[in-house]
Amino acid sequence: MNRLFIFFILILLAFGCTDDETEAPSYISGNQVNAIYIDEDGIRWFGTGNGISSFDGKVWKNYDVGDGLPSNYIRDIDIRQISSGTQLLAGTNNGIGIVNMTFNIIKSIVTGDTLNSGLRSNNVFTLMQDKIGGTWFGTMEGLSVQFHNNWLISETDSLIKDYLITDIAPGPDTISFVCFYGQGIALMDLDVDAVTTVTYYKWPLSPLPSMNIQAIYVDGYHYQWIGTDNGLAFHGNFDPAKEWIHYYESDGLIDNNVLSVKSDNNRITWVGTVSGVSRFDGQDWTNYTVEDGLAGDIVYCIAIDHDNSVWFGTNNGASHFLGDEWITYRKEQ
223 MNRLFIFFIL ILLAFGCTDD ETEAPSYISG NQVNAIYIDE DGIRWFGTGN GISSFDGKVW
283 KNYDVGDGLP SNYIRDIDIR QISSGTQLLA GTNNGIGIVN MTFNIIKSIV TGDTLNSGLR
343 SNNVFTLMQD KIGGTWFGTM EGLSVQFHNN WLISETDSLI KDYLITDIAP GPDTISFVCF
403 YGQGIALMDL DVDAVTTVTY YKWPLSPLPS MNIQAIYVDG YHYQWIGTDN GLAFHGNFDP
463 AKEWIHYYES DGLIDNNVLS VKSDNNRITW VGTVSGVSRF DGQDWTNYTV EDGLAGDIVY
523 CIAIDHDNSV WFGTNNGASH FLGDEWITYR KEQ
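Just so you know, the sequence shown maps onto residues 223 to 555 in this note's numbering.
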């Protein structure tokens with residue numbers, strides 16, 4: 223009788239393990255990782271070509287259109303604090319997903335589009351929460367900003383209205399850097415009821431490597447690292463004409479086509495390209511590819527973790543670089 227009882231217990235345990243594995247996926251939702259955000263609690267959020275994933279170091283949770291997202295193709299993600307809690311924002315090719323959370327638990331997902339919000343286009347390429355509570359959305363057809371429940375659209379310049387915005391980064395105070403593909407960078411100021419342009423980084427005044435801006439990172443000193451399709455630029459000033467330094471393959475950069483850039487807590491600059499990652503310490507370059515452990519050579523995004531380790535989103539999964547070890551997270555095909 224005791225043996226029979228033990229036999230039934232083992233069967234129940236086996237079924238229990240199977241159910242747990244089904245409920246908690248052991249992989250990221252998609253292998254094209256376009257965006258990574260690490261929140262205050264150390265939860266890593268991934269925007270992929272097949273939905274959103276969260277990872278606490280042990281457990282993966284995946285979300286897609288079946289959970290309320292407007293699209294599975296996530297281009298960018300960010301987190302903002304509102305009076306009722308925390309919202310994760312997901313920019314997609316079909317509007318924005320607004321994910322309402324409490325203590326990192328998703329309570330609801332609603333969508334925003336051109337019909338129920340002030341978005342200029344449902345093709346949202348980038349989004350950013352600034353330092354004063356404004357949320358910036360870069361779309362296929364220009365810029366929209368949400369501030370104090372109001373939607374602001376700059377109508378003063380056709381550049382802001384009609385061109386693809388590829389990246390947005392917060393600057394000092396109320397200034398933000400808005401990047402365009404084909405039109406350089408606009409420094410824009412957010413006021414209570416208006417968004418205005420302060421100045422531009424454009425040819426011929428600003429010696430950008432290219433007018434096709436694909437990424438920007440603004441560090442704690444407000445210096446700007448700018449990635450283009452023809453090299454990397456460092457700008458140590460707000461004057462459009464002064465203090466520019468260029469970096470190319472001839473200097474040690476792994477590829478001139480730069481898709482992402484970020485600096486860590488030690489002021490090491492990491493550059494994602496279409497051919498791998500470059501690490502720059504101010505003097506020397508070190509390059510990494512799939513042969514070194516990188517998940518994929520096309521590096522769409524970079525995030526710095528709380529322990530100063532580095533995450534990379536690639537065309538073939540996410541990589542976590544611990545300094546002497548690479549860990550890859552990939553969806554099984």
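No residue lacks a Cβ here, since even glycine has one placed at the ideal position from N, Cα and C. Because the structure is a prediction, the values reported are computed rather than measured.
Query                                                                                                             : Result
Supposed close pair Leu311, Ile320 - CB separation, criterion 8 Å                                                 : 6 Å
Close Cβ partners of Gly539 (< 8 Å) along its chain, the five nearest in sequence each way excluded               : Ile250, Asn253, Val255, Ala517, Gly518, Thr550, Tyr551, Arg552, Lys553
CA-to-CA distance, Lys424 to Leu430, given in whole angstroms                                                     : 7 Å
Buried versus exposed call for Ser248 [16 or more other C-beta atoms within 10 Å across all chains shown]         : exposed
Which of helix, strand or coil DSSP assigns to Lys329                                                             : strand
Contact belief for Met410 with Ser428 at Cβ below 8 Å, rounded distance in angstroms                              : Incorrect: roughly 16 Å between the Cβ atoms, too far for contact.
Gly334 classed as buried or exposed, judged by whether at least 16 other C-beta atoms fall within 10 angstroms    : buried
For Asn537 and Val496, the rounded distance between their alpha carbons                                           : 9 Å
The region 435 to 452 contacting the region 469 to 485, beta-carbon criterion three pairs below 8 Å               : yes
Nearest-angstrom Cβ-Cβ length linking Ile296 and Gln309, presumed shorter than 8 Å                                : Not confirmed; about 15 Å, so no contact.
Three-state secondary structure (DSSP) of Asp298                                                                  : strand
Segment limits, beta strand (DSSP E) that includes Gly340                                                         : Careful: Gly340 lies outside any beta strand (DSSP E) and carries neither H nor E.
Between the CA atoms of Thr314 and Val287 - distance to the nearest angstrom                                      : 11 Å
Reduced DSSP secondary structure (H/G/I, E/B, other) of Gly334                                                    : strand
Pairwise C-alpha distance: Tyr285 and Gly269                                                                      : 10 Å
Ile327 classed as buried or exposed, judged by whether at least 16 other C-beta atoms fall within 10 angstroms    : exposed
Thr244, buried or exposed, once every other Cβ within 10 Å from all chains shown has been counted against 16      : Residue confidence is low: Thr244 scores 39 on pLDDT, short of 50, so the model does not pin down where it sits. Its coordinate-derived value is still stated next. By the 10 Å Cβ count, Thr244 comes out exposed.
Asn514 to Gly307 span [Cα, whole Å]                                                                               : For clarity, residue 514 is Asp in the given sequence; the question names Asn instead. Straight-line Cα distance between these residues: approximately 41 Å.
Member of Val400, His370, Val332 whose CA lies at the smallest distance from the CA of Phe347                     : Val400
Neighbourhood of Asp278 by C-beta, 6 Å cutoff - its chain only, sequence neighbours within 5 removed              : Ile265
Three-way DSSP call (helix, strand, coil) for Asp514 in this model                                                : helix
Extent of the continuous beta strand (DSSP E) run through His528                                                  : Neither: His528 is in no beta strand (DSSP E) and is coded neither H nor E.
Proximal residues to Ser276 (C-beta, below 6 Å), its chain only, five neighbours per side dropped                 : Ile265, Trp267, Lys283
Short Cβ contact (9 Å threshold) for Arg489 with Gly474                                                           : no
DSSP-derived helix/strand/coil call for Asp241                                                                    : Because the pLDDT at Asp241 is just 36, under 50, the model does not fix this residue reliably, and the value given afterwards should be weighed accordingly. Correct three-state label for Asp241: helix.
Sequence-distant residues of the same chain with beta carbon closer than 6 Å to Ile375, five excluded per side    : Ser366
Ala463 versus Ile331 - alpha carbon distance                                                                      : 45 Å
Environment of His542 [buried if 16+ CB atoms lie within 10 Å]                                                    : buried
CA nearest to the CA of Ser343, picked from Lys353, Gly355, Gly317, Gln368                                        : Gly317
Spatial neighbours of Pro392 in its chain, beta-carbon cut-off 7 Å, leaving aside the 5 residues before and after : Met350, Asp352, Lys353, Ser398, Val440
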